[in-house]
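Inspection log for the structure reproduced underneath, given as structure tokens.
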Amino acid sequence: MALVEDRPGVLNRIASKWRQRGFNIESLAVGHSETPGLSRMTLVVDASHDADQVVKQLDKLVDVVDIRDVSDEDIVAREMALIKVRCDAGNRSHIIEVVDIFRANIIDVSPESVIVEVTGDEGKIDAMFELLKDYGVIEMVRTGRVAMLRGAEASHPVSREEESYERYPGQETW
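Per my numbering, the sequence shown starts with residue 11, numbered consecutively.
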């Protein structure tokens, strides 16, 4: 996980470091953090490589405020998927049962399909997808994994002087 400045080109520079070392990024999620001007990034990379060297190089990038390998730490991690499934009056109740079992939600209904939203770990999403395939999955889109440490500790503590960052050079700090 990384805390990075929210500026153009940062994502590209970070992804390039992984690419240069031959790592495949399996999952990537980036979004605004609780601190204006900073974004949190969760990367999942192929575990067959030793990531320590890349993490050390990324920590030297000016746009990276903090980076932390949480592979062996106690975290909460989730993904989200939207799955569009063929359905008609004959199988709609069966699909609703599957959705209920997985504590997912139907977020759109049409005469020939439903869109299901499911949030959970990778295994839960994979299992639901496998069950819905029998009904005819039209398409699926999936987010990258997001993660957070369990407990009161922040993944990337931000000191008082770091609480505001310039979004772009020349703009006010906020």
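All C-beta atoms in this analysis are idealised placements derived from N, C-alpha and C, irrespective of residue type, glycine included.
Local Cβ density within 10 Å of D16, reported as buried at 16 or more and exposed below that: buried
T129 versus G161: straight-line alpha-carbon distance, rounded: 21 Å
Delimiting residues of the beta strand (DSSP E) encompassing A12: 12-15
Cβ-based burial, I111 [other Cβ within 10 Å; buried from 16]: exposed
Contact between the stretch 22-36 and the stretch 117-124 (3+ Cβ pairs under 8 Å): no
Where the alpha helix (DSSP H) containing G154 begins and where it ends: No alpha helix (DSSP H) holds G154; DSSP gives it neither H nor E.
Contacting residues, own chain, Cβ-Cβ under 8 Å from I106 (five flanking each side not counted): I116
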